[in-house]
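Undergrad: Pasting in a structure now, in structure tokens, and then I'll have a few things to ask.
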Amino acid sequence: MKEHKMEYVKLIDTTLCTACRGCQVACKQWNENPASKTQNHGSYQNPQDLEWNTWTLIRFQEYTDTDGNFKWLFRKDGCMHCTDAACVRACPSGALHHTDYGVVAHNREICIGCKACTSACPFDIPRYNKTTEKIYKCDLCYDRLKNGQPAACVKACITGAITMGEKETMIKKAYDRVEKLGGKAVVYGDKFVGGTHVMYILSEPPAVYDKLPVKPSVPMSVILWKNLFKPFTLIGMGAIAGAAALHYLIKGPHEVHEKKEGEE
Amino acid sequence: MSNHSAEMIKVTDGIERIAHWILAATCLFCLLTGLGFMFHSWSGIPNMLGGYYAALWMHIFSGLAFAASLIYGFFMWKKDCAFEADDAKWILNGGGYLWPTTNLPPVYKYNAGQKAFFWCIVAFGALIVLTGLVMWNADSFAHVVARWAFTLHAMSAMVIGSFFVVHFYLGTIGNPGTVSAMFTGKCSKAWCQTHCPRWLEEKEKKVA
Numbered sequence: 001m002k003e004h005k006m007e008y009v010k011l012i013d014t015t016l017c018t019a020c021r022g023c024q025v026a027c028k029q030w031n032e033n034p035a036s037k038t039q040n041h042g043s044y045q046n047p048q049d050l051e052w053n054t055w056t057l058i059r060f061q062e063y064t065d066t067d068g069n070f071k072w073l074f075r076k077d078g079c080m081h082c083t084d085a086a087c088v089r090a091c092p093s094g095a096l097h098h099t100d101y102g103v104v105a106h107n108r109e110i111c112i113g114c115k116a117c118t119s120a121c122p123f124d125i126p127r128y129n130k131t132t133e134k135i136y137k138c139d140l141c142y143d144r145l146k147n148g149q150p151a152a153c154v155k156a157c158i159t160g161a162i163t164m165g166e167k168e169t170m171i172k173k174a175y176d177r178v179e180k181l182g183g184k185a186v187v188y189g190d191k192f193v194g195g196t197h198v199m200y201i202l203s204e205p206p207a208v209y210d211k212l213p214v215k216p217s218v219p220m221s222v223i224l225w226k227n228l229f230k231p232f233t234l235i236g237m238g239a240i241a242g243a244a245a246l247h248y249l250i251k252g253p254h255e256v257h258e259k260k261e262g263e264e
Numbered sequence: 001m002s003n004h005s006a007e008m009i010k011v012t013d014g015i016e017r018i019a020h021w022i023l024a025a026t027c028l029f030c031l032l033t034g035l036g037f038m039f040h041s042w043s044g045i046p047n048m049l050g051g052y053y054a055a056l057w058m059h060i061f062s063g064l065a066f067a068a069s070l071i072y073g074f075f076m077w078k079k080d081c082a083f084e085a086d087d088a089k090w091i092l093n094g095g096g097y098l099w100p101t102t103n104l105p106p107v108y109k110y111n112a113g114q115k116a117f118f119w120c121i122v123a124f125g126a127l128i129v130l131t132g133l134v135m136w137n138a139d140s141f142a143h144v145v146a147r148w149a150f151t152l153h154a155m156s157a158m159v160i161g162s163f164f165v166v167h168f169y170l171g172t173i174g175n176p177g178t179v180s181a182m183f184t185g186k187c188s189k190a191w192c193q194t195h196c197p198r199w200l201e202e203k204e205k206k207v208a
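Protein sequences appear in the order of chains A and B.
If you count the first sequence from 1, position 84 lands on 84 in the working numbering, and the numbers rise without skipping.
If you count the second sequence from 1, position 85 lands on 85 in the working numbering, and the numbers rise without skipping.
Below, the structure is given as structure tokens:
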């Protein structure tokens with residue numbers, strides 16, 4: 001039996017985020033991910049999307065709310081570390097797995113680059129690298145957690161927008177904060193895919209945010225694949241083999257009958 | 001020959017048997033490696049082949065060979081496997097395999113069950129190859145397409161794997177005297193009279 005350690009939750013309070021992108025830099029630095037050559041798209045959002053070497057990214061979004069107020073929304077995107085993780089369900093080699101902290105880590109040594117996870121993830125997180133033929137994503141700095149250190153992004157955050165701690169404590173903290181904020185502020189993360197180990201405090205309804213699913217779930221295709229077709233491949237073959245054996249024992253093999261000369 | 005039942009009749013030619021065995025070998029190899037990817041408890045299969053990465057590439061190349069032999073087999077067997085009116089009657093009588101029946105329509109080369117197996121392999125084989133190609137290049141497709149490709153690939157494997165067991169049983173111990181059709185290519189005259197009487201009749205007429 002696996003030793004049960006504390007389950008962590010990383011809470012991202014978007015209302016405190018100034019989009020300094022210190023977390024983005026700290027993530028690159030700690031995980032030794034090279035920088036990409038990027039282009040100016042008229043936004044501070046850079047690079048434009050998550051990449052094999054960019055595991056977290058501040059999304060800059062210009063938004064006018066229902067009262068006509070202009071807002072600049074910042075959201076730190078990255079792996080949500082689902083409890084019921086579609087990527088873990090889909091992974092054939094066992095490279096994607098849950099750690100004792102509840103977060104989803106990735107053993108790149110045994111990843112075969114089959115890309116089953118990239119399309120299974122409801123948050124569009126894992127990224128494939130054509131050169132190494134491997135998948136890359138945030139593992140919530142598993143190596144740091146093991147040594148009693150917070151993830152690099154948490155450590156780097158100067159405004160206290162990113163904090164980390166024991167799961168129940170953090171969920172309570174999130175709801176207390178939302179209550180204090182009032183208005184449209186909501187907690188995002190604890191109500192789906194078994195609860196995510198990365199949660200948001202959002203100042204606007206989730207539907208407002210770019211690339212943030214309102215009701216993320218393990219895709220139906222993954223459930224059919226893993227819970228129906230997978231077992232029934234063996235059950236089907238086994239049942240038919242059993243039926244054939246019974247047929248052989250009860251009805252017997254189908255012997256050929258000789259046709260006598262002149263017989264019709 | 002005086003003893004007619006001992007007379008052996010050529011029922012398949014060399015190219016048919018080669019195509020059959022390439023199709024069978026690649027299909028079974030893909031099935032076994034595929035089960036290795038599906039079930040963590042079957043990791044022995046990929047590990048025996050040098051690990052998951054090696055097994056994945058062997059699975060892909062075996063799949064490509066399967067696709068090639070499938071296309072060849074399709075054009076070779078589609079005429080003999082075209083359904084005809086009597087096939088429904090054959091199916092409704094359980095092919096004579098399940099309960100006693102006296103009104104089985106005489107079969108030409110392949111009976112309705114064999115035809116159904118052929119078309120099942122053609123249809124789900126095509127689906128498993130196409131979805132396999134999508135999976136192989138999943139990063140070039142929309143997520144929703146790639147996602148369902150994995151699912152339909154597994155579904156096709158389930159259908160092909162299950163029907164394969166039927167095929168294996170009826171081609172070997174379920175029908176004594178059949179298996180030689182895929183080794184020596186010859187079956188006894190009595191076998192032909194039982195399994196493909198109309199074909200035999202036509203063949204004998206041609207000779208005469």
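We put the beta carbon where it would ideally sit given N, CA and C, even for glycine.
From a predicted model like this one, the values you see are computed outputs, not experimental measurements.
#1: Would you kindly work out how many angstroms separate the C-alpha atoms of A:Gly102 and A:Cys111, rounded to a whole number?
#2: Whose C-beta lies closer than 7 Å to the C-beta of A:Ala105 among residues of the same chain, with five residues either side of it excluded?
#3: Is the separation between the beta-carbon of A:Ala161 and that of A:Leu57 shorter than 7 Å?
#4: Checking contacts by CB at 7 Å: is B:Phe150 closer than that to chain A?
#5: Going along the region 161-178 of chain B in order, which residues come within less than 7 Å of chain A, judged by CB to CB distance?
#6: For A:His97, would you say it is in contact with chain B, using Cβ-to-Cβ distances shorter than 7 Å as the test?
#7: In this structure, how does DSSP classify A:Asn227 when only helix, strand and coil are distinguished?
#8: Please state the DSSP three-state secondary structure of B:Gly213.
#9: Would you say A:Met1 lies against chain B (beta-carbon separation less than 7 Å)?
#10: Output, in sequence order along the chain, the residues in the region 101-119 of chain A whose CB is closer than 7 Å to any CB in chain B.
#11: If the cut is a Cβ gap below 8 Å, which residues of chain A does B:Tyr108 touch?
#12: Would you say B:Ala85 reaches chain A, if we count a Cβ-Cβ gap shorter than 7 Å as a contact?
#13: Quick one: list the residues of chain A neighbouring B:Leu49, beta-carbon separation under 9 Å, in chain order.
#14: Where do the N-terminal and C-terminal ends of the alpha helix (DSSP H) with A:His41 fall, by residue?
#15: When the cut-off is 7 Å and only beta carbons count, does A:Glu258 lie next to chain B?
#16: At 4 residues or longer, and completely inside the region 130-208 of chain A: list those alpha helix (DSSP H) runs for me, N to C.
#17: Could you list which residues in chain B have their beta carbon closer than 7 Å to that of A:Met237, in chain order?
#18: Could you check whether A:Val193 and A:Ala283 sit closer than 7 Å to each other, using their CB atoms as the reference points?
#19: So, does the region 73-89 of chain A touch the region 207-214 of chain A, judging by three or more C-beta pairs under 8 Å?
#20: Between A:His197 and chain B, is any beta-carbon pair separated by less than 7 Å?
#21: Using DSSP with H/G/I as helix, E/B as strand and the rest coil, what is A:Ala19?
#22: Which class does A:Leu96 belong to by DSSP, given the choice of helix, strand or coil?
#23: List, in order along the chain, the chain B residues whose C-beta lies closer than 9 Å to that of A:Asp124?
#24: Should B:Arg147 and A:Ser93 be called a contact, given that it needs their Cβ atoms to be closer than 7 Å?
#25: Which chain B residues are close to A:Gly94, counting only those with a beta carbon under 7 Å from its beta carbon?
#26: Output needed in chain order: residues of the region 201-225 of chain A with a Cβ under 8 Å from some Cβ in chain B.
#27: Taking just the CA atoms, how far does A:Asn227 sit from B:Tyr108?
#28: With A:Tyr63 as the anchor, note down where its beta strand (DSSP E) starts and where it stops.
TA: Working from what's here:
#1: Translated into positions along the first sequence, residue 102 of chain A becomes position 102. Translated into positions along the first sequence, residue 111 of chain A becomes position 111. Each residue's alpha carbon lies about 20 Å from the other.
#2: Taking the first sequence and counting its residues from 1, one reaches residue 105 of chain A at position 105. Closer than 7 Å at the Cβ level, and outside the excluded window around A:Ala105, lie His97, Thr99, Asp139, Tyr142.
#3: Stepping through the first sequence from its first residue, residue 161 of chain A is reached at position 161. Stepping through the first sequence from its first residue, residue 57 of chain A is reached at position 57. No, these two residues do not count as a Cβ contact at 7 Å.
#4: What you label residue 150 of chain B is simply residue 150 of the second sequence in a count that begins at 1. Closer than 7 Å: yes.
#5: Gly161, Ser162, Val165, Val166, Tyr169, Ile173, Gly174, Asn175, Pro176, Gly177
#6: To locate residue 97 of chain A, count along the first sequence from 1; it is residue 97. A:His97 does not count as touching chain B.
#7: Reading the first sequence from its first residue, position 227 is the one you call residue 227 of chain A. Correct three-state label for A:Asn227: helix.
#8: Chain B is shown only over 1 to 208; residue 213 of chain B falls outside these bounds and no answer can be derived.
#9: Numbered from 1 along the first sequence, position 1 holds the residue referred to as residue 1 of chain A. Because the pLDDT at A:Met1 is just 37, under 50, the model does not fix this residue reliably, and the value given afterwards should be weighed accordingly. False, the Cβ-Cβ gap to chain B never drops below 7 Å.
#10: Ile110, Ile112, Cys114, Lys115, Ala116, Thr118, Ser119
#11: Within the second sequence, residue 108 of chain B is the residue found at index 108, counting from 1. By Cβ distance, chain A contributes nothing, its closest Cβ being about 16 Å from B:Tyr108, past 8 Å.
#12: Here residue 85 of chain B corresponds to residue number 85 of the second sequence, with the count starting at 1. Output row for B:Ala85: interface = no.
#13: Position 49 of the second sequence holds residue 49 of chain B. Here the premise fails: no neighbours, minimum Cβ distance about 12 Å.
#14: Numbered from its first residue, the first sequence carries residue 41 of chain A at position 41. Per DSSP, A:His41 belongs to no alpha helix (DSSP H) and is neither H nor E.
#15: As a working mapping, residue 258 of chain A is identified with position 258 in the first sequence. Yes, because at least one Cβ of chain B sits closer than 7 Å to the Cβ of A:Glu258.
#16: 142-146, 152-156, 167-181
#17: Residue 237 of chain A sits at position 237 when you count from the first residue of the first sequence. Ordered by position in chain B, the residues that pass the 7 Å Cβ test against A:Met237 are Gly161, Ser162, Val165.
#18: This structure cannot settle anything about residue 283 of chain A, because the visible part of chain A is limited to 1 through 264.
#19: yes
#20: Within the first sequence, residue 197 of chain A is the residue found at index 197, counting from 1. No, its Cβ sits nowhere closer than 7 Å to a Cβ of chain B.
#21: Residue 19 of chain A sits at position 19 when you count from the first residue of the first sequence. Note: A:Ala19 maps to coil in three-state DSSP.
#22: Walking along the first sequence from the start, residue 96 of chain A turns up at place 96. It is a strand residue.
#23: Within the first sequence, the letter at position 124 stands for residue 124 of chain A. Neighbours of A:Asp124 on chain B, chain order: His143.
#24: Position 147 of the second sequence, counted from the start, is the residue given in the question as residue 147 of chain B. Position 93 of the first sequence, counted from the start, is the residue given in the question as residue 93 of chain A. Their beta carbons are not under 7 Å apart, which means B:Arg147 does not touch A:Ser93 by this criterion.
#25: Mapped onto the first sequence, residue 94 of chain A falls at position 94. Near A:Gly94 (Cβ distances below 7 Å), the residues of chain B are His40.
#26: Pro219, Ser221, Val222, Leu224, Trp225
#27: Within the second sequence, the letter at position 108 stands for residue 108 of chain B. Within the first sequence, the letter at position 227 stands for residue 227 of chain A. Distance between the alpha carbons of B:Tyr108 and A:Asn227 is about 42 Å.
#28: Sequence index remark: in the first sequence, residue 63 of chain A carries index 63 (1-based). Looking at the DSSP string, the run of the beta strand (DSSP E) that includes A:Tyr63 is 56-64.
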